[in-house]
Amino acid sequence: MLSKNNYQERLRKMDDKQERFSIRKFSVGAASVLVGTAILSMQNVQTVRADATTDTEKGTTDVTSKNDDQNKQKAYNQVVSEDQNKASKTTDTTMVGQDSKVASFSASKNEGTFAEASSEDKTSSTTDATQNKASENTKATEDNKVDAVADKSTEDKTNTATTQESSDNKSTENKTTDAQKVESKVATAKTTTDTTNSVKSASTTSTDQTTSVNTTTFNTNQSSTAALFSAAALSESKALAATPRASSATTNAQAKNNNYKLVTSSSELQQAINSGVAGINIDRSIDASNVNLAITNTFAIVGINDAAVLNLGQKSLNNSGNLTLQDITINGAVSGNGTVNIKGNVTSNVNSVNSSVPTDDQFKAQNYTGEKKNFKNSNIAGRYVNIENGASLTVNSTEINDGINLTDGGTVNVGDNATLNVNLTNASTTATRYHTAGVFAKNSGNFITGYKSNVNFNTGLGQAIAMGATRPTTTDADRFGGYTAEQSRNDGPTLVQLGASSTFNFTGRDGIILGNNANFISGENSNVHFENKGRGVALDLANNSNIEISKHSNTYFHSVGKTGTSGSYNGYNYIGVNEGGNITVDEYATFRVILEGRGANPWDDVISLDSRDPNTNAAFTSKTGAIIDIRDDNTDFYAELISFPLGASHSRIDIQDPLLLNLQRYSAGGATTGWMPTGGDRINTTSSKYTSNLIYMSNVNGTFSIDGTDYVVYQQIKSDGSKQIWLNVNGISMPYNGFANKNMWSNGANPDKSISGIGLTGNILANNVKDDNSSPTDGKDAPYYGISTHRASQQIWFPHKTQMEVVGSHTNTIKYVYEDGTPVLDENGNQIVKTQNLNLTRKLTLDITDDKIEEIQKYALTHNADQTLEYIKNAQGVSEDSGWVYTDAQGNTVTDPYATVVSPVEDGYTASIESSNVPGITEGADGTSVTAKLQYKEELVQNGELSNNYKQNGLSAILPDNYETVVVYKKAKEVTNTLKFYDDTTKSYISTVADQTATGKENDDVNFKDGASTVKSLEDQGYKFINVTDGTPDDTNATVLSGDTFSDVDFGKFGKDGKTFVVHLTHKVVPVTPDTPNVPSNSKVSKDDLTKTATRTIHYVENDQNGAELKESTVQTVNYTGTAYVDVVTGQMVNAKADGKDAQGNTTYVVDTDNKKQPSITWTTDNNGKFAQVTPDASIKKGDDTWTTGVKSVDEKNAPDVSTITGKTTN
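When you number the sequence shown by UniProt numbering, it's gap-free, plus one each residue, and the end is 1211.
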């Protein structure tokens, strides 16, 4: 990792580099984010904490200008011309090398988003980008003197609608007439590519991902914005969000590494800036309200503790260079057209004390509209705002200003694991307040977030993001929010692209307003939540624009109070695109749109694709496994859920093999969570008849299709509340014209019959339709209750069989701290955090089998519609299941998450577990390594079905919270270990040697320095080494240390407490025989004790009284040889057993302690222990006499038993 010195040197060298653009992959360390709740009255602002991260970049791919044409055609199908007013080239380097060209190409999947370059050859010099000059057709709007918010208690919706739309007749014919009038004003637009060629979401793959971000979303249910944006806004003191900084140890290390001068006053700060140094450190609150600060080069302002605050008062810090803010609070505005880089945790506050009225140039540069005195400078103005990986920026303002104001072509980049919070809390109801934004760019700009980024907008009466739309001058009492009904806005291009696995939360009036050639991309696996309060919109994009709900993205758009009168068929709809625009819901994504508190808001469609030119294509497309759930309680006849309101473009609604399709008009309540709505009577409680429609497709070129599989379909007829359920619908595909299919007698469905049940109309053919405004009960084939979006107030489509893909990520993060809580740092002063990243994928096939179809039919006979729908909802079984597939951040397969992580070694310290949420890891346990094993909360598939918890709560019901373990390092204490010597033969400690001790600190190696020599001495005395145990002989938990000899034994390291080691020895035994050369000196058995002889003598004598010997006697002997086993230690004869062989291959012996018999000598004999047979001569001659032998033979005879031989010899 680069030191801070090298980093600053790198910045100095950035000047005059060739302009380049890069798509980068990142390696990002752990980030743990805690986002507070902005409550209804907005008395609390969000507080964000981001822990330290690593910042290693890999895999950079440059995209130079030679790719522009291809990228423009592929991504947006548009031309970017040179700006008519070329700005002078900025000489200072930006951390983000991108301009308006960013929006001219699609970042391919797994390619990453834009962020700071990490080395000299990856940096980019910023120039003003070439761009289309947008035509500014700002029309004068009415000066409506009405209340700024729509309060049901004071506003007469019916009168308002009548007054503003008195010339409009509620009929199809007049709607078409209006369309023709508008079309005459619209120039022929370019033909856009199919939505499949629209901008693809960037699926950022991080090589070192981190913990998931948990955010608090906003789900207040008040329809009146008066209560939300009243005078009870934030006080100035509460507007100053306290953003936790890095620890003192970390910041002190930063200060030591960056070599910046510490400044303690505004004059020192001004002098440092003017002197051209690379940056300064601040450790206190500095009042700079009396000086003019201007950044023209590369400069960094670094706070080194929590007290670091820069107060600008009514001045602004003018930045035309490359400014880095790190771990600092800035009270006041940062103005200019330069780059602002955010590191660590930065808070920007603008309030009545620290705010500045813009100069004429600043007013013009920020594109404010109205009187200059009504505005304050934006918190941050510039060309690029780059929030580095893992960093956090919180923008708070109680004044009327933008949070971030970009020059045209500028970019806000929120890096991987980074956080952006924007809180605009001024409660003024003036036109100026209604049209300030969290992020604003007049003609073109980009808002790009990275992997697992976290963005939260709380912008009150203004907009979250407004780019490519001229700032209006009216309040939202205007039907079109001040943006007029004109289709075309500034040409852009503009891009809002959210990162993979990112979080985006919005609460306020208007969400995202973009111009022509705009793209909104939700990002794969993202969580997007809009809470619109009052009359505002969520996503409003102009011509040639696209909305992509990316693969696996979970989006929830919720509005309360978009009523009388807000929006119309030709503009300012809750979600909309204009000419050539497309909306695509990608595979396995969730697109949930719910509007409440609407009253009778005339012509205000929920989702509008206002493409009118017959030469253009426009589509609402939903892909495999997606959830489409659109609900609206607007009771106006001409307000559809999905509408192509005007003209004759080639339009289509294409629903491909969804997981669920719910189109619903309802009057009260209803589930807003879970993966499926319940439907039926339960959510239609206030009225039995409905007049509003589900779909509108203008002219004759529309097609509405639902295909991919067979379906179970629920429908409720709006005119009389009758309900039908079909179990085997093959899908539909029909040409559309207006509210219904072109052929009023056909919907393209098969003739499946609806089932019977309580409250259900049975035996209705799915294709029995008469799509006109007459009663469905009139006609020869009545009732005409077949599948019809014209006659239905609600339709739910359940597929028989569809694919589902569950994806998620999990991290195992290990942090290292000392006892006082300060982090353990690496050699560069960065906190050490080790993170293991796990990506999870599971592919499932959900199937309603034929057997289940029969069960549903039987069940419905005795249950009402709601009960039957619940039964259907749970009827989908899992017929195919891949099981969980795991990969790491680099895409390598992981088989058993997680692998063991070895903790850093800190000399003089011991590591233990301070805290952990990992199952099986306990507080106080050894922390030299950490092994976590992934354990699910419950099984995803239970008894062949998805678990109910998963259906209601998603993967959070299955996957545990990200693991986090904190290892604490404590000063090692002196520990003494003891070594004892134990005689396994006598079962007692050896008294002739003393115990030995070894003393050291925890984690030091244990070494008994005299142990080897002592064992050698004992071996010389006749002992034999057996092993060493880490406990006494009576300790049942003692274990044997490895090692065949004492010198081979590894005693490990000292622990927290001392322990006793025991050397086990036994007595060596030697066999002693008469031939043994070296009998132990202490042996109680000698060689003489081991030999005996038995003799037999045969005498030859005269057989007379004399008995004289006739010849020499024959003497026979039998020899006995003994073997005794002698204990070398005691010299005693013992019972022995073999225990191996020595180096020469001779058997070795030890005392057989199990043999309790009296030890004895083992004897062997020669001659087989017998006296041999002797045959005497037949006659013996003695002198002249010859004697005849009277004994023919002396028989063989056994020698006597050795035990009878008391001496050495027996006869």
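Positions of the beta carbon are idealized from the N, C-alpha and C atoms, including for glycine. Quantities reported herein were computed from a predicted structural model and do not represent experimental measurements.
Candidates the options: closest to residue i by CA position
i	options	result
K780	T789, K770 and I787	K770
S879	H800, V817 and S915	H800
A485	S289, N305, D540 and S1193	D540
K372	N401, N693 and I380	N401
N274	P735, V885, T922 and L293	L293
V1069	A1136, T789 and L1110	A1136
D762	Q857, T811 and N828	A small correction: the amino acid at residue 762 is Gly; Asp does not occupy that position in the sequence shown. Of the candidates Q857, T811 and N828, the one whose C-alpha sits nearest the C-alpha of G762 is Q857.
Boundaries of the alpha helix (DSSP H) in which residue i is found, first to last residue
i	result
D854	Note that residue 854 is Glu in the sequence shown, not Asp. Counting along the chain, the alpha helix (DSSP H) containing E854 begins and ends at D850 to A860.
R652	That residue, R652, is in no alpha helix (DSSP H); its beta strand (DSSP E) goes H650 to Q656.
Y950	N948 to N953
Cα-Cα separation, residue i to residue j
i	j	result
T900	S929	7 Å
L727	Q715	12 Å
N1003	Q326	38 Å
S643	G759	31 Å
A518	E596	28 Å
S754	N948	28 Å
T868	Q795	14 Å
Y784	N741	14 Å
K987	L1065	10 Å
S1203	Y1120	11 Å
N1167	T1206	21 Å
K122	P472	Legend: pLDDT at K122 = 34, less than 50; position of this residue unreliable, no value from coordinates given.
G313	N331	7 Å
A1199	G1131	31 Å
D1057	T910	12 Å
N554	V807	12 Å
P735	S705	9 Å
A865	I853	16 Å
T1029	N1007	15 Å
N532	V357	30 Å
Neighbourhood of residue i by C-beta, 6 Å cutoff - its chain only, sequence neighbours within 5 removed
i	result
T1097	S1113 and V1115
L406	A441 and G445
D772	M744
S793	R665, Y690, Q716 and K718
N578	Q487, A542, N543 and D610
N490	A134, N443, G468 and G515
Y818	Y969
E1109	V1101
Host beta strand (DSSP E) of residue i (start-end)
i	result
T997	Q996 to K1001
G511	T503 to L514
L312	V309 to N319
A792	A792 to P799
S1017	First-last for S1017: G1011 to D1020, but that is the alpha helix (DSSP H), not the beta strand (DSSP E).
Under the three-state DSSP convention, the category residue i falls into
i	result
E1109	strand
N454	strand
D478	coil
D1127	strand
N532	strand
V1191	coil
I342	strand
G1207	coil
N274	helix
F644	strand
Sequence-distant residues of the same chain with beta carbon closer than 8 Å to residue i, five excluded per side
i	result
residue 1212	Here the chain covers residues 1 to 1211 and nothing more, so residue 1212 does not appear.
L659	Y588, G625, A626, I627, W675, P799, T802, M804 and L846
Below-8 Å beta-carbon distance, residue i vs any chain D residue
i	result
I607	No chain D is present in this structure, which holds just one protein chain.
Beta-carbon contacts of residue i that lie in its chain and below 7 Å, excluding the five residues immediately before and after
i	result
A925	S912 and I913
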